[in-house]
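>
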Ligand code: NAD
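Residue numbers (the working numbering): -7 to 349.
1. Among the residues of its own chain, which have a CB less than 6 Å from the CB of residue 99, if the five just before and after it don't count?
2. Can you find a heavy atom of the ligand NAD that lies under 7 Å from the Cβ of residue 64?
3. For the ligand NAD, is there any heavy atom lying closer than 7 Å to the beta carbon of residue 274?
4. Which runs of the alpha helix (DSSP H) at least 4 residues long sit entirely within the segment 180 to 261? Give them in chain order.
5. Residue 302 and residue 52 - do their beta-carbons sit closer together than 8 Å?
6. Which runs of the alpha helix (DSSP H) at least 4 residues long sit entirely within the segment 18 to 75? Give them in chain order.
7. Thinking residue 232 and residue 180 are a contact (beta carbons under 8 Å), I'd like their distance in whole angstroms, please.
8. Using the three-state DSSP reduction, which class does residue 163 fall into: helix, strand or coil?
9. Measuring CB to CB, does residue 258 end up less than 8 Å from residue 270?
10. Taking the straight line between their C-alpha atoms, what separation do you get for residue 5 and residue 273?
11. Beta-carbon within less than 8 Å of residue 43's beta-carbon, same chain only, minus the 5 sequence neighbours each way: which residues are those?
12. Given residue 202, which residues of its chain have a CB within under 6 Å of its CB, disregarding the five upstream and five downstream residues?
13. Taking the straight line between their C-alpha atoms, what separation do you get for residue 276 and residue 338?
14. Please list the terminal residues of the continuous beta strand (DSSP E) segment that includes residue 271.
15. Would you give the residue range spanned by the alpha helix (DSSP H) that residue 294 belongs to?
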């Protein structure tokens, strides 16, 4: 059956890199239809809202959303609800996207782009499973008030509430254990159970669910230790599962191990396998319109879409192998270029991946 893809390119380099991903997908002759929608700053400029109703409807009706990037400093003066970045939060909420999958892969050819020693990161292939709709980011009550007690009683304080319910933890646990089953069968759950009650509940649930997956080697780590292990010996980790706050920080730390933000894809999924697929980087307004952006994160996001929403894992692998091949052939956009390699533009990189399919 034909699958429908909502194509939301967004701002800055969004359109340039999206064109390359669509070029690659179209070259594969898959049973897909593509429909474009406005999102982010360009949508605000055209309709007065970063996530117009029409775009939201398109996203809801589609099997998957392929998303570019949103944001531009020229919209920073707008009230928060109208800023381009709000479109992502609106889509996450409307589609119920509670899982964030963030792979961090360090291709051997790009090892020198990392700030870490080559032997620490070369060949790194890590997956972070982050819960996306709960935790202290959404917990209520929150706000500002007069400090009710302690040495600063009466002073203004800000407060937020960290909370996770058992069903919320159970559903992300199953996603993470299944992801581990499809990889090297090793899962590490990250929390702060030595201090936080929320984390103790998280740990109890993870421990219970682990019994349902006896083949998976399961361990648990405090978040401070996880942050250290990610830079000390990241290759000893394979799949990490954690809450929204810790996942936000650890996934950016893991991304930096690879040294090249233009290479990293991500996915946000709901329980119907509908997903939003986007590069981990932003709209890069500093290089927009110059045809020099690296389109690989966008192309690899399309590969994740084929794997996680469209049940085409072999086609996903075909794209991933094509990316490996062009790197081995020495093709590099300027952000990952080094002496002796072939410097190519954004569209030439898209052409090279297409040719390598
Ligand atoms: P950014 O990720 O856009 O850029 C950071 C640096 O990385 C820049 O120097 C940029 O040129 C470079 N870079 C990013 N992607 C690249 C690529 N594919 N190829 C080559 N170089 C690349 O982050 P920023 O500059 O902090 O933010 C710019 C805008 O993007 C802001 O408005 C921000 O709010 C927004 N943003 C959006 C998302 C998203 O759409 N999911 C994520 C992060 C930031």
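Backbone N, C-alpha and C define an ideal beta-carbon position, used for all residues, glycine too. Remember, it's a predicted structure, so these values are computed and weren't measured experimentally.
Checking against the coordinates, here is how it stands:
1. 319
2. yes
3. yes
4. 189 to 202, 215 to 224, 236 to 250
5. no
6. 33 to 39, 45 to 53
7. 5 Å
8. helix
9. yes
10. 10 Å
11. 31, 35, 78, 79, 82, 83
12. 210
13. 13 Å
14. 267 to 271
15. 288 to 300
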